[in-house]
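A.B. asks: Chains as they are written, first to last, in our numbering: chain W, 1 to 141; chain R, 142 to 282; chain G, 283 to 423; chain S, 424 to 564; chain V, 565 to 705; chain F, 706 to 846.
Number of protein chains: 6
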Amino acid sequence: MSDKKNIVYITRKAHFNAAHRLFNPRWTDEQNEQFFGKCANKNYHGHNFDIYVTLKGVADENTGMVMDLRKLKDVMHEFVLDKIDHKNINLDVDFMKGKMASIENIVVEIWKQLEPHIENGKLHCIKLFETENQFVEYYGE
Amino acid sequence: MSDKKNIVYITRKAHFNAAHRLFNPRWTDEQNEQFFGKCANKNYHGHNFDIYVTLKGVADENTGMVMDLRKLKDVMHEFVLDKIDHKNINLDVDFMKGKMASIENIVVEIWKQLEPHIENGKLHCIKLFETENQFVEYYGE
Amino acid sequence: MSDKKNIVYITRKAHFNAAHRLFNPRWTDEQNEQFFGKCANKNYHGHNFDIYVTLKGVADENTGMVMDLRKLKDVMHEFVLDKIDHKNINLDVDFMKGKMASIENIVVEIWKQLEPHIENGKLHCIKLFETENQFVEYYGE
Amino acid sequence: MSDKKNIVYITRKAHFNAAHRLFNPRWTDEQNEQFFGKCANKNYHGHNFDIYVTLKGVADENTGMVMDLRKLKDVMHEFVLDKIDHKNINLDVDFMKGKMASIENIVVEIWKQLEPHIENGKLHCIKLFETENQFVEYYGE
Amino acid sequence: MSDKKNIVYITRKAHFNAAHRLFNPRWTDEQNEQFFGKCANKNYHGHNFDIYVTLKGVADENTGMVMDLRKLKDVMHEFVLDKIDHKNINLDVDFMKGKMASIENIVVEIWKQLEPHIENGKLHCIKLFETENQFVEYYGE
Amino acid sequence: MSDKKNIVYITRKAHFNAAHRLFNPRWTDEQNEQFFGKCANKNYHGHNFDIYVTLKGVADENTGMVMDLRKLKDVMHEFVLDKIDHKNINLDVDFMKGKMASIENIVVEIWKQLEPHIENGKLHCIKLFETENQFVEYYGE
Chain W
1 MSDKKNIVYI
11 TRKAHFNAAH
21 RLFNPRWTDE
31 QNEQFFGKCA
41 NKNYHGHNFD
51 IYVTLKGVAD
61 ENTGMVMDLR
71 KLKDVMHEFV
81 LDKIDHKNIN
91 LDVDFMKGKM
101 ASIENIVVEI
111 WKQLEPHIEN
121 GKLHCIKLFE
131 TENQFVEYYG
141 E
Chain R
142 MSDKKNIVYI
152 TRKAHFNAAH
162 RLFNPRWTDE
172 QNEQFFGKCA
182 NKNYHGHNFD
192 IYVTLKGVAD
202 ENTGMVMDLR
212 KLKDVMHEFV
222 LDKIDHKNIN
232 LDVDFMKGKM
242 ASIENIVVEI
252 WKQLEPHIEN
262 GKLHCIKLFE
272 TENQFVEYYG
282 E
Chain G
283 MSDKKNIVYI
293 TRKAHFNAAH
303 RLFNPRWTDE
313 QNEQFFGKCA
323 NKNYHGHNFD
333 IYVTLKGVAD
343 ENTGMVMDLR
353 KLKDVMHEFV
363 LDKIDHKNIN
373 LDVDFMKGKM
383 ASIENIVVEI
393 WKQLEPHIEN
403 GKLHCIKLFE
413 TENQFVEYYG
423 E
Chain S
424 MSDKKNIVYI
434 TRKAHFNAAH
444 RLFNPRWTDE
454 QNEQFFGKCA
464 NKNYHGHNFD
474 IYVTLKGVAD
484 ENTGMVMDLR
494 KLKDVMHEFV
504 LDKIDHKNIN
514 LDVDFMKGKM
524 ASIENIVVEI
534 WKQLEPHIEN
544 GKLHCIKLFE
554 TENQFVEYYG
564 E
Chain V
565 MSDKKNIVYI
575 TRKAHFNAAH
585 RLFNPRWTDE
595 QNEQFFGKCA
605 NKNYHGHNFD
615 IYVTLKGVAD
625 ENTGMVMDLR
635 KLKDVMHEFV
645 LDKIDHKNIN
655 LDVDFMKGKM
665 ASIENIVVEI
675 WKQLEPHIEN
685 GKLHCIKLFE
695 TENQFVEYYG
705 E
Chain F
706 MSDKKNIVYI
716 TRKAHFNAAH
726 RLFNPRWTDE
736 QNEQFFGKCA
746 NKNYHGHNFD
756 IYVTLKGVAD
766 ENTGMVMDLR
776 KLKDVMHEFV
786 LDKIDHKNIN
796 LDVDFMKGKM
806 ASIENIVVEI
816 WKQLEPHIEN
826 GKLHCIKLFE
836 TENQFVEYYG
846 E
């Protein structure tokens, strides 16, 4: 007999389209433009963001699942996507108020939104793509 | 001997990240919101746009190329990408002034920007992805 | 002034997951297995199908769109995806009754389902991927 | 001199196309349909599954490789793909007999098939995509 | 009754990995380096090429297929891939002897290799990707 | 108050196109051909390599970033891509001299090139794709 617990990591992907700009409100416009370049454009730019949410857990004997991914999808929509999809991250998103809109900060705030609503398994990782060339991962550390 | 002319269609891909919103300035806010839904968000949203520019022509005997794709890339940057990348399509892009910022309209205006600068071959098609789920093609018709 | 009509080709992608098998009911089991190989497996196999529906038309002045892609998405769901997603194409799909479940045949039958419901623009092409390595296109010819 | 051991993680991807359904044989049809929804369809549905097998090890001095990936590919074919590709996971696959056909369960059973046949390096992770939107990882825990 | 002939375009994808360099043997090294830049590197560079072969035809009533794609795959391997995969296009490939190794030229020569061996349907298009950013299409014109 | 340190893992992707061959200089040609097969081709073959460089760190309060990814991109170009892109890995790349050109070895040598130049955060992982079907990861162990 195996002594493994059969711990699996299950991931659901979603996406949202949003506008943002990078700027530090404590800096002058010139400082922002010098540091952030075109990412500081005052009229914003935007991205198709891809988000991957990973849970860690053991499959339930009755369902074969750690958590029903359709429920996870619902949680992702209610607490994250409905607030950020087709929005301006700097202006419209309550959980980003007072935070710089970098993906490093966004992923940490999304974690805070999701974690209280994961009923089965444990939130393990959130991976957020800004473009296919740059992305960030956060493990709740 | 073959009587073929060896006409090929050569494509270069690029991308840009931009903000936009859909709205008709002749409509009220309510009408815009009713028709365009979340795409009308006043604070804008955004996308990673992918653009494919296709030329039709015959390869030059000395170079093996219809047009040097590095030159095509330069043309795409000078006349399109430098104007639209990390910009707000509604506010910042000269060639979109007075046009609704739908991909159907954007692709036609990009054609007008590029066509005068294609030196070898003939501009055949521009394909513009707004998301991986929706895109538009224009053949100059 | 340009004499172009600004005819564009606008595409919406969707996907469905379905089971099927290839077999000719007029052939014996041996003939089917010999010709279709593992694709004839009596207990079925399946795919993640990707479908791209392309309309040809001119953008409306008030909306900037040929057809509202959200409406096109609804039409695709009502007349195709709700009937075929998470189904067995050989057994469950009304519009495939009596047809062999090859992608060559599926794409033609999907065209018949969609064409009567395209209100703006004209149905131009349906492209159906069975895997990333094989796909079929149909232009209503 | 570096004190690193140069431990690398080398991955080989493959894919298989299979039919399955989700259902609990201890539940009634109504219970299954209520919980699993369209995934419980009695006539099955299917997917293009992508599988990534990762080994951990140190490159051999003579070959520059942890394990010859062509041999790993052969092992994957002999012990997994030949048994599951173009099959019905609920009916045809010996190593899934008596198991619910969820990806959480499939990935654990595939691990058991492969592990005894990894000659060089150590089986580190199996990642299994059901669709591009949902996948599972298993590290043998 | 429909008067359509149900003409479909069926495509099979494959890939090959090869080395090449761009240079004109009638030019000096300096001229080649000046024009082709790093693509002229004397020791070669290389690519993962993706090739899509499209046939035009009508599905056979007995098979539901224009041409058995496994047979098409075999033809692609015998007459193209076995000659070019893991090869140096400038030195090793018989059908490229005396031709500059640009994708514009490669796609035309591959057409000549494949066309005589298409038994069902008609060779319609070959699409060849050098990178995800540049590709060429040839329709036998 | 949270006791998390908000440690994130930020990744930048790049690519390069290069030629290489697998062979052991201590073996005869026959031995090399027997073991490495077509990968030993004396005239080389090539690939489009994708490289992902991941840093671990905490976002700076003033910039919202672990390390400015444009600077990371510059470092990747100066110390890796400018040396290996459009090159022959066996003949042209200084940091691969005397090493077999397997991806297991390449990824370790790239780590040595990059690590001294990471100013913010800590180099965490380098992932190198040779094809979409095989890739290697190295964590500096």
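Each residue gets a CB set at the ideal place from its N, CA and C atoms; glycine is no exception.
1. Touching or not, the stretch 184–198 of chain R and the stretch 143–151 of chain R, by the rule of three or more beta carbon pairs under 8 Å?
2. In the DSSP assignment, what are the bridge partners of F:C859?
3. Report the three-state DSSP secondary structure of R:A181 (helix, strand or coil).
4. Just list the residues that DSSP pairs G:T293 with in beta bridges.
5. Roughly how many whole angstroms lie between the Cα atoms of S:F415 and S:L445?
6. Which residue or residues does DSSP assign as beta-bridge partners of R:A160?
7. Is it the case that the Cβ atoms of W:G140 and W:L123 are separated by a distance below 8 Å?
8. Below 8 Å CB to CB, which residues in the same chain sit around V:H650 once its five sequence neighbours on both sides are set aside?
9. Going along chain V, which residues have a C-beta under 7 Å from G:G422?
10. Distance, Cα to Cα, R:N246 vs W:N24?
11. Thinking C-beta only, is F:Q839 closer than 8 Å to S:L492?
12. Could you list the residues in the stretch 351–371 of chain G with a C-beta less than 7 Å from some C-beta on chain R, going in chain order?
13. Return helix, strand or coil for R:E271, following the three-state DSSP convention.
14. For the stretch 99–115 of chain W against the stretch 666–685 of chain V, do three or more pairs of beta-carbon atoms, one drawn from each stretch, fall closer than 8 Å, so that the two count as touching?
15. Counting only beta-carbon atoms, is V:K663 nearer than 8 Å to chain F?
16. Tell me the rounded alpha-carbon separation between S:F502 and S:L537.
17. Can a CB atom of chain C be found closer than 8 Å to the CB of V:E701?
18. Going by beta carbon distance, what residues of the same chain come within less than 8 Å of G:I408, once the five residues before and after it are set aside?
19. Please list, in chain order, the residues of the stretch 515–542 of chain S that have any C-beta partner in chain G closer than 9 Å.
20. Any beta carbon from chain V within less than 8 Å of F:G762's own beta carbon?
21. Please classify F:G826 as buried or exposed, where buried requires at least 16 other C-beta atoms within 10 Å of its C-beta.
22. Which of the residues in the stretch 589–623 of chain V, read from start to end, lie with their CB under 7 Å from any CB of chain F?
23. Could you work out which residues of chain R lie near W:N17, taking near to mean beta carbons separated by less than 8 Å?
24. How long is the line joining the alpha carbons of W:H117 and W:K71, rounded to whole angstroms?
25. Counting only C-beta atoms, is F:G826 closer than 8 Å to chain W at any point?
26. Which word fits F:D797, buried or exposed, when buried means at least 16 other C-beta atoms lie within 10 angstroms of its C-beta?
27. Could you say which of G:Y326, G:H302, G:A296 and G:T345 lies nearest to G:K355 if we only look at CA atoms?
28. Helix, strand or coil: which one does DSSP assign to S:W450?
29. Taking CB distances under 8 Å as the criterion, tell me whether F:I831 reaches chain W.
30. Is the CB-CB distance between R:H188 and R:E271 below 8 Å?
31. Straight-line CA distance for W:D94 to W:I84?
32. Between the C-alpha atoms of R:K238 and G:V348, what's the straight-line distance to the nearest angstrom?
33. For the alpha helix (DSSP H) holding W:V93, just list the boundary residues, first then last.
34. Whole angstroms are fine: how far does the CA of V:N607 sit from the CA of F:D787?
35. Going by beta carbon distance, what residues of the same chain come within less than 7 Å of R:N173, once the five residues before and after it are set aside?
36. Could you tell me the distance, in whole angstroms, from the CA atom of G:N344 to the CA atom of R:N229?
C.D. replies: So, to answer that:
1. yes
2. Nothing about residue 859 of chain F can be reported from this structure: the residues present for chain F run from 706 to 846 only.
3. helix
4. R:F276 and G:T336
5. Past the edges of chain S, shown from 424 to 564, lies residue 415 of chain S, and the structure says nothing about it.
6. R:G187 and R:N229
7. yes
8. F580, N581 and A582
9. K568
10. 34 Å
11. yes
12. L351
13. strand
14. no
15. no
16. 7 Å
17. The structure shown contains no chain C; its protein chains are W, R, G, S, V and F.
18. I333, Y334, V335, T336, V389, I392, W393, L396, E419 and Y420
19. D515
20. no
21. buried
22. K602, C603, N605, N607, Y608, H609, G610, H611 and N612
23. H186, G187, H188 and T272
24. 10 Å
25. no
26. buried
27. G:A296
28. coil
29. no
30. yes
31. 9 Å
32. 20 Å
33. That residue, W:V93, is in no alpha helix (DSSP H); it is neither H nor E in DSSP.
34. 15 Å
35. F164, N165 and A181
36. 21 Å
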